[in-house]
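There are 4 protein chains.
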Amino acid sequence: MSATGSLTVLADVDSLEVREYPVPEPVEGGLIMEMIRANVCGSDVHILHGHHPLVRPGRVMGHEGIGRVARLSASVSTDWAGQPLAEGDRIVATYFQACHRCPECNNGHPNICRNAYTGWSTPAEEGQHFYGTFGTHYAVGAQQGVYKVPEAVSSKAAAAANCALSQVYFGCRLGEVSYGDKVVVLGAGGLGVCASAVASAMGAEVFVAEMVPGRLAKAQEFGAHHAIDLTQADDGDGRVELLREATGGGADVVIDLTGVPSAFSESVRSTRSGGIMVEIGNISPNKYTEFDPGLFTRTGVQIRAAIRYPVEVLGRALTFMADTAHLPWESLVDRDFTVDQVPEAVAAAEAKEVTRAGIVINDGES
Amino acid sequence: MSATGSLTVLADVDSLEVREYPVPEPVEGGLIMEMIRANVCGSDVHILHGHHPLVRPGRVMGHEGIGRVARLSASVSTDWAGQPLAEGDRIVATYFQACHRCPECNNGHPNICRNAYTGWSTPAEEGQHFYGTFGTHYAVGAQQGVYKVPEAVSSKAAAAANCALSQVYFGCRLGEVSYGDKVVVLGAGGLGVCASAVASAMGAEVFVAEMVPGRLAKAQEFGAHHAIDLTQADDGDGRVELLREATGGGADVVIDLTGVPSAFSESVRSTRSGGIMVEIGNISPNKYTEFDPGLFTRTGVQIRAAIRYPVEVLGRALTFMADTAHLPWESLVDRDFTVDQVPEAVAAAEAKEVTRAGIVINDGES
Amino acid sequence: MSATGSLTVLADVDSLEVREYPVPEPVEGGLIMEMIRANVCGSDVHILHGHHPLVRPGRVMGHEGIGRVARLSASVSTDWAGQPLAEGDRIVATYFQACHRCPECNNGHPNICRNAYTGWSTPAEEGQHFYGTFGTHYAVGAQQGVYKVPEAVSSKAAAAANCALSQVYFGCRLGEVSYGDKVVVLGAGGLGVCASAVASAMGAEVFVAEMVPGRLAKAQEFGAHHAIDLTQADDGDGRVELLREATGGGADVVIDLTGVPSAFSESVRSTRSGGIMVEIGNISPNKYTEFDPGLFTRTGVQIRAAIRYPVEVLGRALTFMADTAHLPWESLVDRDFTVDQVPEAVAAAEAKEVTRAGIVINDGES
Amino acid sequence: MSATGSLTVLADVDSLEVREYPVPEPVEGGLIMEMIRANVCGSDVHILHGHHPLVRPGRVMGHEGIGRVARLSASVSTDWAGQPLAEGDRIVATYFQACHRCPECNNGHPNICRNAYTGWSTPAEEGQHFYGTFGTHYAVGAQQGVYKVPEAVSSKAAAAANCALSQVYFGCRLGEVSYGDKVVVLGAGGLGVCASAVASAMGAEVFVAEMVPGRLAKAQEFGAHHAIDLTQADDGDGRVELLREATGGGADVVIDLTGVPSAFSESVRSTRSGGIMVEIGNISPNKYTEFDPGLFTRTGVQIRAAIRYPVEVLGRALTFMADTAHLPWESLVDRDFTVDQVPEAVAAAEAKEVTRAGIVINDGES
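Quick mapping for you: the protein sequence lines, in order, are chains C, E, W and F.
For the first sequence, position 118 (counting from the first letter as 1) is numbered 118 according to UniProt numbering, and the numbering increases by one without interruption.
For the second sequence, position 176 (counting from the first letter as 1) is numbered 176 according to UniProt numbering, and the numbering increases by one without interruption.
For the third sequence, position 173 (counting from the first letter as 1) is numbered 173 according to UniProt numbering, and the numbering increases by one without interruption.
For the fourth sequence, position 345 (counting from the first letter as 1) is numbered 345 according to UniProt numbering, and the numbering increases by one without interruption.
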């Protein structure tokens, strides 16, 4: 393990800076990774603009990615599925922790652990420095889940496992997606493509819907059975009508990935009576939509929110990638940047020039 | 069984009329009741004004109530819990059916059966005439649940079982209310009083909250442990704050019984992260509230709607009344009217002169 | 509809007799079917020998099968999924009812309705006579589920839907089979073949195991990924070891279809810690196996029993057949007999000359 | 914190020895307790005789107990419910860990973590020495749950929280005990008394049954509504009959606490059709009972095993004790011994001279 490493810091709102720090020893229960690759996720753009409640200026950028074990702490000899872990193994880690010492964890909701970002929210100047994935190293805490990457999964593919794929995998489970269900995946970006793959593998009939029709083809390539071009509707009522007609009266499960507040209400209205709506895309508070609670009550729908995921989902997401090796997982990253090009990568993501920008840090494979 | 009977018909919007019809034979699988008592529920006021989607002018008024078996059809020898049933037995029946022949029933949601109101929506001129409880008789269809009233429960008490009590009993189950939960009951009318009794019997710590503080005492009499006067808050934010403070950061379960659209959003915000909000009160579509989906997602709350109830809940509600005979159930009906005074009873309910008006039809007991 | 019909009666233990009766009008809520085909299921052999607790001498033989609507009762206009139903439509019906008027139904377990066999246990001399499927007609009661057969499903294929396929479909749901699970299907007869198809469609990795290795190939044809020849083991311990090794330490779900008492214990021991064992095959009381409760407790396994199925499962089973039209469903019936050859068909089933004997009654198609 | 402490070691089978060791620093994520009290549980007797698979000669005795925080590791500032934790605070800890790094934890079953006894199975000579509660100190690992004891709960009462009470609390949850259920508690020892308290607080009607009728009164004192003297029956069939009659045809939930293999089968047969049987008492493998799988299948019962408990249950058990402060919790410990009298205490437990022997270590309170 090299003595020092570099990382990309959010020096100030809209200002990135590369800094060098000594590579620390792992905390007891954790480990140190050498990064192979990272991805730019939509949240990284929000963070750059200062919109994250906890990842503020002074913190390290990046949360999606894959690396290799550089140093294990004394008590760690396996990953979180019980597989032996050794230096050099390719791994992915959850970008958050489940502390097991807060009311949310204690109530059985590790995905909303109130100390989820204890690591990521630590200033780069402090502690172990390497709290983001846009760097040469990454310091994994004692309560962050770690999973070995199966041989069959390339690093480029696996880099999206710890955010995009795990997020929708959890969403499908929360929505109780099961054989024979009609599932609407609202939004066909990276999350929508992953959700199409997962829901169809679970035996569902998948209807992917988008306002950007050009994105629909890839979701179909990953398993969506039907593509719905929402630009054919005039307004929200029209979109709801399109979705209800396509699904024969409303979907068993609607998964909203759009991040558009009004899509919340439209998703509920597109769910069949007694069905389940899973909200994932809307994560920024203080944006409102009109909601009709009386209509909602009469339909007996359930609304569930999926933010982050229970740690073990990451292990299942990797297994899923290995089991679906015929899918073009690497194509989710549509342009690679070097580690010196982080600002360009984030800019390309924001400009929607790319769906998912990859950052190649130390990809011995390629 | 007498040859003819009378009932109160919604002749036109805001116009009631008493009519006489021959008492019919029961349909196969159903039975005919002689009514003992009925109650005026809030929905009856809406129906009078023409606001129900299916119970339109020409239909019979009333859905809460209790009666005696007057005539059983050939195939019926027990109630729906398997207890022997004979003419003269006191019974209550669900005011709706679960048809078992629609997608909702087939999906395991008998409470949102799309043919729920096949009986009640039939004009009084047609079929078996006696489709409402504000009459001397009531015709129970083959798919309406029927339960014998335990000896220990008076007719005046049991009259509220098939709507108010069963509704909140289902709500508590849907909210997974269990031992040690902090439960907010929002609204302390008849439903709130019943919900306080049920949730506390399930082992919850109950916080009842109201904008009409005078109603709080009765909910406490029925088991609520804490009373929250919501008039102490200036606005919705203040009410949410009051509820979150009282429950130490949000309730495990919030049950909204108010019928006020903005209470939907406030209820979600008063639920702890990972908790469950049950919507019951808002049942009139086309009334809107501002909703913040991003805030919702970050809390991992679940929102569930309880409309009507699975048929078997009515049996449990009666058992509950028998098991809690120490509670002043009869006091839920705060003024009795004669069967000739139905218009007066509905008017008193609308004017909120009474919480729940009783209509004494043929109460041999009193 | 013809005026009279014929059916096969269990005149006495081990004695079958064809009798003729007038075709009755349907009971209200039910209908009359003209049979197209029936199948001989293993239980029919037991019944012939007098081993069924309720279907005793004097009753009508047969419960698997398919037919056409001959006469609908007045109140029936749809099947139980809400699809319009007309005379001439091909349908299947559950061979039992869910009465909704017994404690089991009332507790949410319609599959163990204590009045399940009210129809089938009625002597042929009484009531509507046509209470079994080995006849020209079949009388469907008001509480028996009825589902229209999709165009894409042939009558020969659909004939097994109302027993074999629905039974294991329910078993898979009770076992919470879901994507990525390792599922052991113990037994590769008709039920095992169906279970292999269903579990793999639900996204599971299916291990089918048998003491008759010749049966394994068909289960693989229907979706099982791995075949385990249990004759390679010396005894129960060896079989458990084979299954645990194949599944990497125990299956997530084991479905026991064998009907061998000791397979119950072996199935529990072949389930991973925290997994689910579903018992289906053992349905004859008073046969015992040695069970180790201490070992069981230490593994945290759950054991669940699937007898019959919730009515709506039959509709899903038909949809499943339509969705998997590429599977050789007709091959489940490996020899056809005429309606005059019922004794021969049952004898062939008992001698295991055939896996599933078909009885062609009025197959306009073939 | 004193420099050295003493503890009771299982020197050899049936041989106890007091040894002195330096008090260690806590591992990171863990803490060191000074013991106040311990209890002798039935398993301790088994361990003394060499019957535990992992707690073998050379290990430290004792697992029930309560103490005070002596030293916190750097990263620990709260208990597992998020309450601030400081030196001197009274706490209880789970006697096992949930490692989060094994297949069982990963599958959502922390109670059957395969590394549960990493601490307790460590020889006293090694590591942190203080791995049992029969000593002056106790070393809590990073993955053992720790909960602050509420003011309202005395140390003598709380000493039984981390084994007896938490075990049955988990059993009641696994059995889905809820309002109105009829629950049979089989066995009225310490576990049965606790189970009677928990199930009745959850709103169940509790039937406690025993072969030692003298124990029934205490279970009733703690909330059981009915006491069944099983010595009135001649054999297993008779016991099943007694229980089925008392509960009107079988209990909704049966919790077997006896540790007698045949009680497993009897418990299943005493459960109503569709009910749940929870096995807790049988934890020693290689003891068999005759089981009738065909009878089982026909009843649709579910059988679930509760071994240890999810960590958070301990927190709820403490809250439960605080909420039921009117119950004579201290009476569960019926004789106190000094820390020098551990052999006498274990002997008294084995001879059943006491129900639960207490060991007073450093009870500043008394």
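Quick reminder that beta carbons are idealized off the backbone N, C-alpha and C, glycines included.
| Among E:S2, E:H100, E:E350 and E:G132, the one whose alpha carbon lies nearest that of R37 (chain E) | E:G132
| message | Counting only C-beta atoms, is G315 (chain F) closer than 8 Å to chain C at any point? | response | yes
| Secondary structure of Y343 (chain F), DSSP reduced to three states | The identity of residue 343 (chain F) in the sequence shown is Pro, whereas the question assumes Tyr. In the structure shown, P343 (chain F) sits in a helix (DSSP, three-state: H, G or I).
| request: Could you name the residues of the region 189-203 of chain E whose beta carbon sits closer than 7 Å to any beta carbon of chain F, in the order they occur along the chain? | output: A201, M202 and G203
| Member of C:G274, C:I276, C:L191 and C:L186 whose CA lies at the smallest distance from the CA of R239 (chain C) | C:L186
| task | Just mark N115 (chain C) as buried or exposed, buried being the case when its beta carbon has 16 or more other beta carbons within 10 Å. | result | buried
| query | If you measure from the beta carbon of R59 (chain F) to each beta carbon in chain C, is any gap under 8 Å? | reply | no
| message | Taking only three categories from DSSP, how would you classify R37 (chain F)? | response | strand
| Residue-level contact to chain W via CB, N282 (chain F), 8 Å cutoff | yes
| query | What is the residue span of the beta strand (DSSP E) that T78 (chain F) lies within? | reply | No beta strand (DSSP E) contains T78 (chain F), which DSSP labels as neither H nor E.
| query | Where do the ends of the alpha helix (DSSP H) carrying V149 (chain C) lie? | reply | It is not in any alpha helix (DSSP H) - V149 (chain C) carries neither H nor E in the DSSP assignment.
| message | Within 10 Å of its beta-carbon, does D14 (chain E) have 16 or more other beta-carbons around it, so buried, or fewer, so exposed? | response | exposed
| Can you tell which of F:G119, F:P213, F:W120 and F:L257 has its C-alpha closest to the C-alpha of V183 (chain F)? | Residue F:L257 is the option with its Cα nearest to V183 (chain F).
| Within 10 angstroms of its Cβ, does T4 (chain C) collect 16 or more other Cβ (buried), or is it exposed? | exposed
| query | Are any of the Cβ atoms in chain F nearer than 8 Å to that of A81 (chain W)? | reply | Among the CB atoms of chain F, none fall inside 8 Å of the CB of A81 (chain W).
| task | Taking V346 (chain W) and V40 (chain W) to be in contact with their CB atoms under 8 Å, please state how far apart those CB atoms are, rounded to whole angstroms. | result | So it is a contact: roughly 6 Å between Cβ atoms.
| task | Work out the CA separation of D323 (chain F) and I47 (chain F) for me, nearest whole Å. | result | Those two C-alpha atoms are separated by around 33 Å.
| said: By the DSSP assignment, the alpha helix (DSSP H) with A157 (chain E) in it spans what residues? | reply: S155 to A158
| Sheet register partners of R59 (chain C) (DSSP bridge) | In the DSSP output, where bridge partners are listed per residue, R59 (chain C) has none listed.
| field | Segments of 4+ residues assigned as alpha helix (DSSP H) that fall wholly inside the region 155-189 of chain F | value | 155-158 and 166-174
| query | Would E351 (chain E) be called buried (16 or more neighbouring beta carbons within 10 Å of its own) or exposed? | reply | Note on identity: in this sequence residue 351 (chain E) is Ala, with Glu being the wrong assignment. A351 (chain E) should be labelled exposed.
| What residue does the beta strand (DSSP E) around E290 (chain W) start on, and which one ends it? | First-last of the beta strand (DSSP E) with E290 (chain W): T289 to F291.
| query | Exposed or buried, which one is N286 (chain C) when buried takes at least 16 other CB atoms within 10 Å? | reply | exposed
| Among the residues of its own chain, which have a CB less than 6 Å from the CB of D292 (chain W), if the five just before and after it don't count? | none
| task | Label P84 (chain F) either buried or exposed according to how many other C-beta atoms from any shown protein chain fall within 10 Å of its C-beta, with 16 as the threshold for buried. | result | exposed
| query | chain W partners of G274 (chain F), CB-CB under 7 Å? | reply | E104, N107, H109 and I112
| task | Determine whether the Cβ of Q144 (chain C) lies closer than 8 Å to any Cβ atom of chain F. | result | no
| said: Taking its Cβ as the centre, do 16 or more other Cβ atoms sit within 10 Å of T247 (chain E), making it buried, or is it exposed? | reply: buried
| If you scan the region 250-296 of chain W from start to end, which runs of the alpha helix (DSSP H) of 4 or more residues do you find wholly inside it? | 261-269
| I228 (chain W) vs V208 (chain W) beta-carbon contact at 8 Å | yes
| Through-space distance from V212 (chain W) to T218 (chain W), alpha-carbon basis | Thr is not the amino acid found at residue 218 (chain W); the sequence shown has Lys there. Cα-Cα distance, rounded: 12 Å.
| Does the distance from the C-beta atom of V301 (chain E) to that of T271 (chain E) stay below 8 Å? | yes
| query | S2 (chain C): buried (16+ other C-beta within 10 angstroms of its C-beta) or exposed? | reply | S2 (chain C) comes out exposed.
| For R244 (chain W), which of helix, strand or coil comes out of DSSP? | Three-state DSSP puts R244 (chain W) in a helix.
| request: Could you have a look at A357 (chain C) and say whether DSSP puts it in helix, strand or coil? | output: strand
| In angstroms, rounded to a whole number, what distance separates the CA positions of residue 383 (chain C) and I32 (chain C)? | Any question about residue 383 (chain C) goes unanswered here, given that chain C covers just 1 to 366.
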